[in-house]
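Residue numbers for the sequence shown follow UniProt numbering, so the first one is 1 and each next one is one higher. Don't be surprised by glycine CBs; every beta carbon is placed ideally from N, CA and C. Take a look at the structure below.
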Amino acid sequence: MLKFMLDTNTCIFTIKNKPEHIRERFNLNTSRMCISSITLMELIYGAEKSLA
Numbered sequence: 001m002l003k004f005m006l007d008t009n010t011c012i013f014t015i016k017n018k019p020e021h022i023r024e025r026f027n028l029n030t031s032r033m034c035i036s037s038i039t040l041m042e043l044i045y046g047a048e049k050s051l052a
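Spelled out as structure tokens, the structure:
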């Protein structure tokens, strides 16, 4: 059962800063997390924009 839907800010913070305590939580709850299609598109857009 899913319990956590991560938003764009949470994903970006984790990708950029890689805080150990959050990564541990992610590893323990991977099967219980998801992101929305909007968050996915925002992450893709941001990644493409940063390469330009």
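{"Check": "Let me know the secondary structure DSSP gives Met1 once reduced to three states.", "Outcome": "coil"}
{"Check": "Taking the CB atoms as reference points, tell me whether Thr14 and Thr39 lie closer together than 7 Å.", "Outcome": "no"}
{"Check": "Under 7 Å, do Ile44 and Leu6 count as touching if we go by C-beta distance?", "Outcome": "no"}
{"Check": "Could you pull the DSSP bridge partners for Ile35 from this structure?", "Outcome": "Leu6"}
{"Check": "Whole angstroms are fine: how far does the CA of Thr30 sit from the CA of Gly46?", "Outcome": "23 Å"}
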